[in-house]
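Each remark here refers to the structure printed beneath this line.
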């Protein structure tokens with residue numbers, strides 16, 4: 013069975029600084045996908061970045077990068093140059109068929 | 027990009043009544059639909075998975091007779107909360123995928139259900 017762990021309930025970062033949100037996972041399936049989503053107070057799920065289990069390089073999407081360490085089963089999200097609008101809940105998710113989520117991290121960007 | 031339209035966005039219903047939530051894929055064929063429930067300050071919990079034309083597969087602890095899922099076409103899936111009670115008040119959100127499972131999950135915008 014899948015398991016996704018986010019150990020940081022809340023994180024604070026100064027505007028324009030970088031922040032890393034942690035995520036570890038566990039699965040017995042060799043083929044899986046790792047995702048990060050942002051959820052603002054409106055509730056919508058905003059896709060940020062994807063990493064496939066067979067991808068050799070770490071995924072990057074603008075200010076977002078995924079630090080994928082397969083042997084350690086970790087998929088940390090790095091947000092560079094934080095902006096006030098980055099304040100939201102962030103969820104790590106994994107799919108090997110269905111998609112399941114970690115507990116989430118609430119990020120607050122301070123001006 | 028792929029879009030899933032979810033309606034209604036908010037609904038208030040009386041205890042004991044039923045509520046139907048719709049998710050429509052607008053520009054792709056949703057072969058699989060996932061339904062999630064999210065209580066305040068918690069994560070998304072998978073309730074059930076449905077494939078077009080098949081019965082839904084429910085997660086352990088989710089009452090299939092209470093949460094009726096229909097996925098009769100490749101563009102429409104519905105979740106009906108039957109005999110709703112205040113403890114069913116939650117945020118319900120669907121996610122659809124077409125061909126392939128690892129990429130291309132498209133979420134609806136969610137439905138906030140309040141049972142009074």
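Protein chains in written order, with the working numbering: chain A, 13 to 123; chain B, 27 to 142.
Positions of the beta carbon are idealized from the N, C-alpha and C atoms, including for glycine.
Treat the numbers as computed from the prediction; the structure is a model and nothing was measured.
Per DSSP, the beta bridge partners of residue 112(A) are 106(A). Its chain contains 48, 71, 73, 76, 78 as the residues whose beta carbon lies nearer than 6 angstroms to that of residue 61(A), once the 5 sequence neighbours on both sides are disregarded; these appear in chain order. Using a Cβ-Cβ cut-off of 9 angstroms, residue 107(A) counts as an interface residue toward chain B, since at least one Cβ of chain B sits closer than that to its own.
Residue contact check for residue 121(B) against chain A: a CB pair falls below 9 angstroms. In the DSSP assignment, no residue is bridged to residue 54(B). Leaving aside the five residues that flank residue 65(B) on each side, the residues in its chain whose CB is nearer than 7 angstroms to its CB run, in chain order, 116. Separation of the CB atoms of residue 102(B) and residue 50(B) is rounded to 5 angstroms, and the pair is thereby assigned contact status at 8 angstroms.
The Cβ atoms of residue 35(B) and residue 109(B) do not sit closer than 9 angstroms to each other. Contact with chain B is found for residue 110(A), since one of that chain's Cβ atoms lies less than 9 angstroms from the residue's Cβ. Contact between the stretch 88 to 97 of chain A and the stretch 28 to 38 of chain A is present: three or more C-beta pairs spanning the two stretches fall below 8 angstroms. For the stretch 67 to 94 of chain B, the residues whose beta carbon sits under 7 angstroms from a beta carbon of chain A are, in order, 69, 70, 72, 75. DSSP places residue 30(B) inside the beta strand (DSSP E), whose first and last residues are 30 to 33. Residues of chain B with a Cβ closer than 7 angstroms to the Cβ of residue 113(A) are, in chain order, 69, 70. For residue 84(A), the closest of 98(A), 99(A), 65(A), 94(A) by C-alpha to C-alpha distance is 65(A).
In the assembly as shown, residue 28(A) is an exposed residue. Its beta-carbon has fewer than 16 other beta-carbons within 10 Å. In its chain, beyond the 5 residues on either side, 33, 104 have a beta carbon closer than 6 angstroms to the beta carbon of residue 48(B).
In this structure, the CA atom of residue 98(A) is about 16 angstroms from the CA atom of residue 20(A).
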